[in-house]
Amino acid sequence: MEILQKISDSLIALKNKKPLVHHITNYVTVNDCANITLTIGASPVMADDIGEVDEMVSFASSLVLNIGTLNSRSIESMLAVGKKARERGIPIVFDPVGVGATSLRTATAKRIIEEVGPSVIRGNMSEIKILAGLDAQIKGVDSTADEEDGIRVAKILSKKLNCVIAITGKQDIIAKGDQVCLIDNGHPILSQVTGTGCMATSLVASFCGANEDWFVGAAAGIMTMGLAGELAQQSLQAGEGIGTFRMRLFDAVWTMTPELIKEGGIISNG
Amino acid sequence: MEILQKISDSLIALKNKKPLVHHITNYVTVNDCANITLTIGASPVMADDIGEVDEMVSFASSLVLNIGTLNSRSIESMLAVGKKARERGIPIVFDPVGVGATSLRTATAKRIIEEVGPSVIRGNMSEIKILAGLDAQIKGVDSTADEEDGIRVAKILSKKLNCVIAITGKQDIIAKGDQVCLIDNGHPILSQVTGTGCMATSLVASFCGANEDWFVGAAAGIMTMGLAGELAQQSLQAGEGIGTFRMRLFDAVWTMTPELIKEGGIISNG
Amino acid sequence: MEILQKISDSLIALKNKKPLVHHITNYVTVNDCANITLTIGASPVMADDIGEVDEMVSFASSLVLNIGTLNSRSIESMLAVGKKARERGIPIVFDPVGVGATSLRTATAKRIIEEVGPSVIRGNMSEIKILAGLDAQIKGVDSTADEEDGIRVAKILSKKLNCVIAITGKQDIIAKGDQVCLIDNGHPILSQVTGTGCMATSLVASFCGANEDWFVGAAAGIMTMGLAGELAQQSLQAGEGIGTFRMRLFDAVWTMTPELIKEGGIISNG
Chain A
1 MEILQKISDS
11 LIALKNKKPL
21 VHHITNYVTV
31 NDCANITLTI
41 GASPVMADDI
51 GEVDEMVSFA
61 SSLVLNIGTL
71 NSRSIESMLA
81 VGKKARERGI
91 PIVFDPVGVG
101 ATSLRTATAK
111 RIIEEVGPSV
121 IRGNMSEIKI
131 LAGLDAQIKG
141 VDSTADEEDG
151 IRVAKILSKK
161 LNCVIAITGK
171 QDIIAKGDQV
181 CLIDNGHPIL
191 SQVTGTGCMA
201 TSLVASFCGA
211 NEDWFVGAAA
221 GIMTMGLAGE
231 LAQQSLQAGE
241 GIGTFRMRLF
251 DAVWTMTPEL
261 IKEGGIISNG
Chain B
1 MEILQKISDS
11 LIALKNKKPL
21 VHHITNYVTV
31 NDCANITLTI
41 GASPVMADDI
51 GEVDEMVSFA
61 SSLVLNIGTL
71 NSRSIESMLA
81 VGKKARERGI
91 PIVFDPVGVG
101 ATSLRTATAK
111 RIIEEVGPSV
121 IRGNMSEIKI
131 LAGLDAQIKG
141 VDSTADEEDG
151 IRVAKILSKK
161 LNCVIAITGK
171 QDIIAKGDQV
181 CLIDNGHPIL
191 SQVTGTGCMA
201 TSLVASFCGA
211 NEDWFVGAAA
221 GIMTMGLAGE
231 LAQQSLQAGE
241 GIGTFRMRLF
251 DAVWTMTPEL
261 IKEGGIISNG
Chain C
1 MEILQKISDS
11 LIALKNKKPL
21 VHHITNYVTV
31 NDCANITLTI
41 GASPVMADDI
51 GEVDEMVSFA
61 SSLVLNIGTL
71 NSRSIESMLA
81 VGKKARERGI
91 PIVFDPVGVG
101 ATSLRTATAK
111 RIIEEVGPSV
121 IRGNMSEIKI
131 LAGLDAQIKG
141 VDSTADEEDG
151 IRVAKILSKK
161 LNCVIAITGK
171 QDIIAKGDQV
181 CLIDNGHPIL
191 SQVTGTGCMA
201 TSLVASFCGA
211 NEDWFVGAAA
221 GIMTMGLAGE
231 LAQQSLQAGE
241 GIGTFRMRLF
251 DAVWTMTPEL
261 IKEGGIISNG
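Residue numbers (the numbering used here), protein chains in the order written: chain A, 1 to 270; chain B, 1 to 270; chain C, 1 to 270.
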């Protein structure tokens, strides 16, 4: 399939460009996000003080805004840096962690969407449905909504916000207007490690920072995490568990190649 | 022994309920706390902004308050969320990291005890002695006090504060009034990894979030960490060290079963 | 070479003293810094609130100031705790992460140098050249400057600031006035893990906290990280990657001995 070739090529572009990815993200998974960004071949920078974010993002090839542990200080920095990134035309990847769980998260997501205008939104089904103004059961920051209507919701939200929507779950859905692809890589064990969603977002930003087609970049980031999860899970021996899995996940992203993507990627039109 | 059966049963209850554990904790070990919570079968959420903690804790089955890296902003959030959790009647597990080392920590611990009222306090001997108003040598946040009088101190403090006291050390002491149990699992290497105390606290909150008997929940969390430490240590091969140990610790919590608890748990009446 | 014997001896002193190392550092790599400090045999404490840093540092044997994710709150704490540490005469190890990338970082580094007066500065070539007032290309927080003139720059800055300068790169340069040593341990893979620079800084502070000769302490910390990187890299099997490397890096620091330093350390006069 043509898209798989494009995803495969996008990894080469990433490795060649080594894009700098500016993150304002949560303090729970920030180390994992920095490491996964380095591991795929990009370069992370984390800076969130209002006094320096404008300057820092001026070097960056893409921006991650992740509201996992938002606070009044970081919200203002996200809005400021987002506007600057928008001016510069670099891709802004938004991870609306736990939107809907609290009014603060919902209000902040709304401001980021309206005042910044993300290029890609990566979330689980519950989060994306909240953004689309639909009902979803929220339990903390975990996804509980089922995946039916996912494609429809992704298309509607993509058109409404004029951005790429990436919904991760059992089957991942990537939509840009009416263009949709479905990714069937991954493994349920990924949901037992904190930060795999955040790391997928960082991978999306790494790919988008080196590729002009952000639909392909989003698909590439999501597929890379899914494939790496499969490889890491398959490597587990008797007695090994989630600690070993987490280490091998980084090994698998580290050893990812265009060939592995073409061989292992499972993608179809939605 | 009857308590061992109850601890074993409490793991089944945890796996069935998958309780949501709200944490306000330090930024040093927060990722480990989130991962250990997921690993045992509960669900972590970290949120500390005063603008959302009330709402977030309304979904939670238990609350962790950990003052490892406290600051003026997080202290107010801890007090607010603690009061809300108290109103809801969910267990509040307090980890007084480094209390006694600075006036701010001591004053904050006092406020949490007086204004919130924890359900369980998990600390090392130095920290618990400070809370009990006794002398203890403090060197940073490490424990240096010896363990004599531990049972007496735990009983006194438990009665005074009407909560479960869990003292971790060479021998762990769990007290609820005059009811005391002693746990002899664990390995000294656990003290060479940062966050094993914090993770024990998160495990206690995970068990208490799914079990009404918080004395049993506290014992279950402490025993799980101790047993996992033993298993991880025993797995080490020549040339392997603390990095491998830390990974295997998560593997061991991941593969913990009611049977392993009944076989390996070493517990006696105090 | 005499210096190698001194470095080897400094590890014994560290293991005997178990110095407490107070850190104000970034939230990206703070867990790694705490763990590497424990792993080498020292004791970490992380505290950054202005209300307690003065008290906390009064127990400490050394202080780390790392501006990786600085903000207005932590800057004031760094200045306050730095002055206190200076009064006490304990070594202050400054890591000017990303200085030159933003005005805030440059201004903060200037304030720390002028108002506190570090004992050791550990940075990459770009960062040190910025501090020396020379030109350097900065791309986020990564080093891009070449290493020529490194020795000259290190000497000039050391004399100007009356402190030890440690430049890490392909070849590490340690300077104290005209006294210079060059370390040729390490492996390029170290730059693919976030926080190896920060961890080197924590190791320097661990050694300096137990040894009066901070030139030797700086060399010991840098060499330990380099040697550990070599050992971890050599251990990698087919299919293993950066996740495994990162784990083995801690294993290698854990198993470091005076003998391994004497056998593996590659050091020369500059």
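Each residue gets a CB set at the ideal place from its N, CA and C atoms; glycine is no exception.
Taking the Cβ atoms as the reference, leucine 157 of chain C lies roughly 6 angstroms from isoleucine 128 of chain C, within the contact range of under 8 angstroms. Within chain B, Thr39, Arg248, Phe250, Asp251, Ala252, Val253, Trp254 and Thr255 have C-beta atoms less than 9 angstroms from the C-beta of glycine 241 of chain A, given in sequence order.
Note that the region 2 to 10 of chain B does not touch the region 225 to 235 of chain B; fewer than 3 beta-carbon pairs, one per stretch, sit closer than 8 angstroms. Among the residues of chain C, those whose CB is under 9 angstroms from the CB of alanine 101 of chain B are Val45, Ala47, Glu52, Glu55, Met56 and Phe59, following chain order. With its beta carbon at least 7 angstroms from every one in chain B, leucine 131 of chain A lies outside the interface.
The Cβ atoms of valine 164 of chain A and lysine 155 of chain A do not sit closer than 7 angstroms to each other. Secondary structure note for alanine 252 of chain B: its alpha helix (DSSP H) is the uninterrupted segment 242 to 254. The C-beta distance from isoleucine 40 of chain C to leucine 65 of chain C rounds to 19 angstroms, too long to fall under 8 angstroms, and the pair is not in contact. The C-beta of aspartate 184 of chain A has fewer than 16 other C-beta atoms within 10 Å across all chains shown, which makes the residue exposed. As the crow flies, the alpha-carbon of phenylalanine 207 of chain C is around 11 angstroms from that of leucine 63 of chain C.
Under DSSP, leucine 182 of chain C shares a beta bridge with C:Ile173 and C:Ser268. Of the candidates B:Leu236, B:Gly197 and B:Ala85, the residue whose Cα lies closest to the Cα of glutamate 55 of chain B is B:Ala85. The C-alpha of glutamine 5 of chain C lies about 15 angstroms from the C-alpha of glutamate 212 of chain C. Residues Ile183, Asp184 and Asn185 of the same chain have their beta carbon placed closer than 8 angstroms to that of isoleucine 266 of chain C, with the five preceding and five following residues left out of the count.
For phenylalanine 94 of chain B, the uninterrupted beta strand (DSSP E) segment begins and ends at 92 to 95.
Close to chain A, meaning a Cβ-Cβ distance shorter than 9 angstroms, are the following residues of the region 171 to 203 of chain C: Ser191, Gln192, Val193, Thr194 and Gly195. Contact of alanine 34 of chain C with chain B by beta-carbon distance below 9 angstroms involves Val28, Thr29, Thr194 and Gly195. When DSSP reads this structure, histidine 23 of chain B sits in a beta bridge with B:Met46 and B:Val64.
Taking a contact to require three or more Cβ pairs closer than 8 angstroms, the region 18 to 38 of chain B and the region 191 to 209 of chain B qualify as touching. For isoleucine 67 of chain B against threonine 102 of chain B, the beta-carbon gap comes to about 10 angstroms, at or over 8 angstroms, which does not count as contact. A Cβ-Cβ distance of about 7 angstroms is found for the pair proline 44 of chain B and threonine 194 of chain A, placing them in contact under the 8 angstroms criterion.
When C-alpha distances from threonine 106 of chain A are compared across A:Val120, A:Gly133 and A:Arg73, the shortest belongs to A:Gly133. Rounded to whole angstroms, serine 235 of chain B and leucine 131 of chain A show a C-alpha spacing of 47 angstroms.
Threonine 29 of chain A carries a coil assignment under DSSP once its states are collapsed to helix, strand and coil. With respect to chain C, the C-beta atom of threonine 108 of chain B has no partner C-beta closer than 7 angstroms. Across the set B:Phe250, B:Gly239 and B:Glu240, the C-alpha of B:Phe250 shows the shortest separation from the C-alpha of isoleucine 242 of chain A. For valine 120 of chain C, the uninterrupted beta strand (DSSP E) segment begins and ends at 120 to 124. Setting aside the 5 residues that flank it on each side, alanine 200 of chain A is surrounded in the same chain by Arg122, Thr168, Gly221, Ile222 and Met225, each with a C-beta closer than 7 angstroms to its C-beta; the list follows chain order.
Residues Pro91, Ile92, Cys163 and Trp214 of the same chain have their beta carbon placed closer than 6 angstroms to that of serine 119 of chain A, with the five preceding and five following residues left out of the count. Apart from the 5 residues on each side of it in sequence, threonine 244 of chain A sits with its Cβ closer than 7 angstroms to the Cβ of Leu236 in its chain, given in chain order.
Annotated three-state conformation of threonine 196 of chain A is helix, per DSSP. For alanine 166 of chain B, the enclosing beta strand (DSSP E) stretches over residues 164 to 168. DSSP places valine 81 of chain A inside the alpha helix (DSSP H), whose first and last residues are 72 to 88. Annotation for valine 153 of chain C: the continuous alpha helix (DSSP H) segment containing it runs 150 to 161. The secondary-structure analysis by DSSP pairs valine 216 of chain A with nothing; it has no beta-bridge partner. Across the set A:Arg88, A:Val81 and A:Met125, the C-alpha of A:Val81 shows the shortest separation from the C-alpha of isoleucine 112 of chain A.
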